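*Asks:* Here it is: the structure, laid out below.
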């Protein structure tokens with residue numbers, strides 16, 4: 001059975017109000033990324049963790065994943081400098097502590113910034129970077145294994161890993177059961193890869209988490225990515241994608257992060273007092289509709 005989880009920072013509310021809203025929507029699982037008492041999951045204090053834990057317990061919600069910025073593509077890294085990795089190891093230790101504190105068994109990670117990060121279609125020659133990436137992620141996976149936590153590596157447009165093809169190269173190079181794919185369906189398309197069947201087939205059987213947001217094609221170019229859009233009014237075939245995942249035995253979660261802030265101007269919900277909240281609700285309804293039909 002595929003469960004739905006929602007990123008709390010997508011509701012346009014402060015953390016505790018977001019948690020209450022998710023409980024009202026009968027959402028059981030959530031994803032912690034940013035907006036946790038004004039901090040990202042990478043910066044929260046022990047006091048923040050205790051406070052958040054009380055809020056979650058009061059509303060009966062559980063944490064599916066910590067969406068960290070480990071190996072962030074929004075930060076300069078020197079992949080060949082040992083001190084750089086030592087700093088990330090300290091970061092990882094804290095994140096694994098947080099996973100245990102929140103009883104989350106998934107930790108989202110990245111694979112560093114690519115050259116020319118603002119151009120998603122300009123994909124790097126990954127072979128140049130596979131050595132240090134696989135060594136670092138392999139060590140991270142081993143540390144996570146000791147805590148019974150899975151790392152899920154996201155394909156991100158800014159990152160050295162943006163497509164499912166690139167994801168598979170890294171997963172194969174690391175070859176560790178504790179490292180799985182965090183498949184962002186729209187991001188792969190933004191990097192020039194058709195999400196289905198092309199992208200999916202490259203990571204089939206290796207998926208530990210799925211990120212859901214809408215995406216639209218360019219006018220008159222149905223195969224070409226045009227930007228973020230509203231799920232249900234977009235051009236990603238989530239019915240087929242989720243149906244295939246279910247058929248192939250995927251029993252993980254899909255994380256909703258609709259990113260209204262990235263919608264094209266003409267698609268933004270300007271008449272809504274809180275468009276982020278509305279878009280998240282509409283995305284949740286659509287995913288429930290699709291998953292309900294699969295039962």
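Residue numbers (our numbering): 1 to 295. The beta carbon of each residue, even a glycine, is placed where N, CA and C say it ideally should be. For clarity, every value in this text was computed on a predicted model and none was experimentally measured.
(1) Any idea what DSSP makes of residue 263, helix, strand or coil?
(2) Leaving aside the five residues before and after residue 1 along the sequence, list all residues of the same chain whose C-beta is less than 7 Å from its C-beta, in chain order.
(3) Would you identify the three-state DSSP class for residue 209, choosing helix, strand or coil?
(4) For residue 217, which residues in the same chain have their Cβ closer than 8 Å to its Cβ, ignoring the five residues on either side in sequence?
(5) Between the beta-carbon of residue 61 and the beta-carbon of residue 19, is there less than 7 Å?
(6) What separation, rounded to the nearest whole angstrom, lies between the Cα atoms of residue 147 and residue 220?
(7) Could you say if the region 79-89 and the region 35-47 meet the contact criterion of at least three C-beta pairs nearer than 8 Å?
(8) Using the beta-carbon count (16 or more within 10 Å), is residue 303 buried or exposed?
(9) Does the region 95-106 touch the region 116-127, meaning 3 or more C-beta pairs lie closer than 8 Å?
(10) The alpha helix (DSSP H) that contains residue 293, what's its start and end?
(11) Is it true that the CB of residue 231 sits closer than 7 Å to the CB of residue 270?
(12) Is it a yes or a no for the region 93-101 touching the region 9-25, going by three-plus beta-carbon pairs under 8 Å?
(13) Any contact of the region 29-36 with the region 3-16, i.e. 3+ C-beta pairs under 8 Å?
*Replies:* So, to answer that:
(1) strand
(2) 251
(3) strand
(4) 223, 224, 225, 226 and 235
(5) yes
(6) 49 Å
(7) no
(8) This structure does not reach residue 303, given that the chain is present from 1 up to 295, and the question cannot be answered.
(9) no
(10) 275-294
(11) no
(12) no
(13) yes
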